[in-house]
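Residue numbers (our numbering), protein chains in the order written: chain A, 1 to 387; chain B, 388 to 822.
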């Protein structure tokens with residue numbers, strides 16, 4: 001099997017020979033492989049559209065491999081063009097991962113079927129990623145931790161906006177040090193990552209944790225949540241905060257908790273799970289100025305937080321990532337966990353050995369606290385001896 | 388009919404002052420527990436020491452979930468014992484099977500009720516059932532609800548059918564009036580011709596219970612084992628480890644009860660020494676297997692090649708924060724295993740030693756279950772969070788210990804309501820001893 005560079009001219013015999021050599025090594029249909037490769041070049045050159053390319057080989061690919069998993073594969077549809085039974089429709093008739101799973105439940109697919117379902121939903125997700133239709137909105141953030149000064153105003157604004165008790169830090173700025181002899185402090189601005197493959201949703205036994213079809217925001221239905229906290233143990237980011245106690249009269253969310261047909265915005269009622277909602281009440285607000293904004297973004301004095309549609313290259317986060325990273329590295333938090341988080345960070349990634357440190361600005365300056373109501377006061381590093 | 392037939396009905400015929408005193412003490416404990424539950428319902432989970440892992444530096448699952456795992460394990464072990472005895476038709480172990488049926492049912496109920504206690508909104512527990520059709524596809528908690536329900540349904544069926552068989556052989560007039568009423572209900576429409584079919588049903592239901600124990604019985608282990616975010620839980624051994632711990636604690640609970648009842652009712656013939664020896668062998672085997680699995684679970688984490696998150700947890704368990712509790716728990720399992728292996732016949736001549744061994748091992752498994760649940764939450768990995776802390780509050784202790792005492796109370800009362808075994812024909816049991 002030759003791995004040498006291919007000849008430039010895809011019509012030439014030398015190219016044909018080279019491509020055949022490569023494809024034959026795979027054991028699959030060589031003619032199909034060569035044809036796919038040649039036309040892929042044509043697509044790249046703009047001589048052929050993706051749809052044409054797709055249609056031309058769909059049958060052959062199905063025949064050869066049994067499935068057509070290519071990212072651009074046409075979305076399978078039921079004969080009448082309607083979604084499968086039991087699926088809540090989304091705007092563009094696309095099936096989301098959740099709705100596919102719901103169908104699977106409705107038809108009683110067994111454990112064996114589950115892996116196949118997940119397989120196909122991954123494909124669907126990939127297809128969605130590459131599709132730039134208007135309905136494919138995935139809200140997310142670009143957070144520049146290199147700019148962050150750990151003033152903690154975002155934390156305060158978040159709790160103010162959502163009426164959270166002082167201990168529920170939906171937005172938390174962690175101040176940490178790396179063990180690299182530089183003694184430099186770094187900050188991690190940590191809201192919910194609004195993952196596309198959110199483990200909290202898989203864990204939820206009541207379907208209370210869900211992804212909004214319209215904009216990909218991960219929310220908790222406060223009317224469904226039983227407070228079992230399985231989402232919290234399943235989340236690798238530690239962003240979930242149960243409301244342990246009655247928030248009392250002083251606290252409370254003044255906006256409209258209704259998001260679509262679910263109660264999911266603002267602070268969580270006692271006994272249910274709360275976490276960052278990307279200010280969902282703002283996203284469904286009648287006030288156009290509020291839509292597409294969050295409290296933490298508004299208040300940030302150094303413009304470190306950029307909220308918007310990650311699939312729209314003109315959105316604030318995409319523009320920031322394209323133009324303002326100042327050469328800083330970008331990353332997604334704990335990406336190796338496979339959660340597909342929708343927050344992209346600009347700056348240094350905390351290592352697994354990073355340790356939290358105290359700083360000049362503490363939660364107490366904003367009447368925020370770390371310790372849960374009724375538990376002992378937390379001082380950073382007080383449990384280090386246990387490590 | 389000789390001593391044996393009379394002996395098995397002794398608990399029904401006598402109500403001693405000791406029994407009344409025990410029920411009174413347990414009843415008071417149950418009332419105190421109820422008060423603690425009401426207190427928690429009024430003020431929410433804030434009355435516990437649970438807190439979010441992460442910035443709140445707490446553990447979000449604690450004593451309740453650990454005790455749930457312990458009860459669920461005992462239920463699995465109990466139904467495995469019942470299934471084996473019924474399937475193999477080991478009539479000499481008849482009383483042991485009845486103990487297992489009752490305790491499996493009670494332990495399963497206790498596990499289910501502790502999950503409800505642990506909910507932030509217990510009033511919404513039915514949401515889990517209404518969403519089940521969808522969530523069973525992916526939520527381990529929905530699998531667990533499925534398993535516990537299957538366990539409760541199958542165990543009660545087994546209990547009802549085996550009681551029907553036992554009652555059908557008894558003269559109801561010789562029983563206390565309330566037991567006689569239960570007997571009347573359970574033998575409604577009984578015809579001697581159905582006996583053969585009943586025997587066959589018990590046998591195959593026994594096999595079904597065995598299969599349930601060895602398949603669905605791993606689900607409470609997977610409940611933790613599938614959580615990729617928690618280093619100490621995630622992994623392929625979680626289900627097996629839970630099952631082994633369950634078999635050990637189930638047999639230990641049954642051994643403890645059998646030993647105590649033998650002592651209290653002088654049941655030398657009802658629970659003969661060879662049955663005690665059989666239970667002792669079970670304890671030795673399952674204790675050993677559980678230790679081997681725990682060894683395999685923990686050992687890789689302390690090798691230098693282990694990932695950081697796992698090694699922190701392994702170290703905390705083996706020589707760090709949890710070391711004292713962990714090693715005491717291991718000793719509580721290992722020492723009885725050794726002693727039983729060496730001194731089996733001599734030691735098990737009376738039931739009391741077996742009961743003591745069972746109690747110690749149960750305590751060991753209890754402690755290990757608690758550590759398993761809280762440890763990864765206390766030692767978070769991934770983001771730069773701090774090591775957490777957890778000191779259960781009085782309310783948590785009262786509710787937890789209360790759950791155990793209420794389970795004991797229910798069992799104690801059950802021994803006075805239903806016969807602990809059938810009137811085995813003396814002739815056949817003698818033959819069995821001789822063979």
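Note that the Cβ used here is the ideal one computed from N, Cα and C, for glycine as well.
If you compare the alpha carbons of 781(B), 715(B), 460(B) and 447(B) with that of residue 603(B), the shortest gap goes to 460(B). Check the Cα spacing between residue 712(B) and each of 531(B), 502(B), 666(B) and 756(B): the tightest is with 756(B). DSSP places residue 322(A) in no beta strand (DSSP E) but in the uninterrupted alpha helix (DSSP H) bounded by 316-323.
Under the three-state reduction of DSSP output, residue 239(A) falls in the coil class, being neither helix nor strand.
Spanning the alpha carbons of residue 476(B) and residue 594(B) requires a straight line of approximately 11 Å. DSSP places residue 679(B) inside the alpha helix (DSSP H), whose first and last residues are 660-689. Bridge partners of residue 172(A) according to DSSP: 190(A). Listed as beta-bridge partners of residue 370(A) by DSSP are no residues whatsoever. By alpha-carbon distance to residue 675(B), the top candidate from 707(B), 628(B) and 702(B) is 628(B). Close to residue 526(B), with beta-carbon spacing below 8 Å, are these residues of chain A in chain order: 202, 203, 204, 205 and 230. DSSP places residue 142(A) in the uninterrupted beta strand (DSSP E) bounded by 139-144. With its beta carbon less than 8 Å from one in chain A, residue 448(B) belongs to the interface. Burial of residue 753(B) is indicated by the presence of at least 16 other C-beta atoms within 10 angstroms of its C-beta.
Within chain B, the residues whose beta carbon sits less than 9 Å from that of residue 242(A) are 432, 437, 438, 439, 447 and 507, listed in sequence order. Distance check between residue 466(B) and each of 429(B), 539(B) and 401(B) places 539(B) closest, using alpha-carbon atoms only.
If the five residues before and after residue 30(A) are omitted, its C-beta is found closer than 6 Å to the C-beta atoms of 20, 23 and 24, all from its own chain and listed in chain order. By the rule that beta-carbons nearer than 8 Å mark a contact, residue 233(A) touches chain B. Shown in chain order are the members of the stretch 150-183 of chain A whose Cβ falls below 7 Å from a Cβ of chain B: 167, 169, 172, 174 and 176. With a threshold of 8 Å between beta carbons, residue 764(B) makes contact with chain A. Assigned with DSSP and collapsed to three states, residue 427(B) falls in helix. Straight-line measurement puts the Cα of residue 33(A) at about 16 Å from the Cα of residue 44(A). Taking a contact as a CB-CB distance under 8 Å, the pair residue 611(B) and residue 471(B) does not count as one, their CB atoms being some 27 Å apart. In the structure shown, the three-state DSSP call for residue 215(A) is coil. With a cutoff of 8 Å on beta-carbon distance, residue 156(A) and residue 333(A) are scored as not near each other. Nearest in C-alpha terms to residue 243(A), of all of 272(A), 200(A) and 220(A), is 272(A).
Chain B places a beta carbon closer than 8 Å to that of residue 227(A), counting this residue as a contact. The C-beta of residue 165(A) has 16 or more other C-beta atoms within 10 Å across all chains shown, which makes the residue buried. Residue pairing of residue 305(A) in beta bridges, as defined by DSSP: 143(A). For residue 688(B), none of the residues of chain A pass the 8 Å Cβ criterion, the least Cβ distance being about 15 Å. In the DSSP assignment, residue 345(A) falls within the unbroken beta strand (DSSP E) covering 343-346.
An exposed status is given to residue 314(A), since fewer than 16 other beta-carbon atoms sit within 10 Å of its beta-carbon. DSSP, read as helix, strand or coil, puts residue 621(B) in coil.
CA-to-CA, the gap between residue 537(B) and residue 527(B) works out to about 15 Å. Per DSSP, the unbroken alpha helix (DSSP H) holding residue 283(A) starts and ends at 280-283. Between residue 523(B) and residue 654(B), the alpha-carbon positions lie close to 46 Å from each other.
Residue state for residue 273(A) is assigned as strand, using DSSP reduced to three classes.
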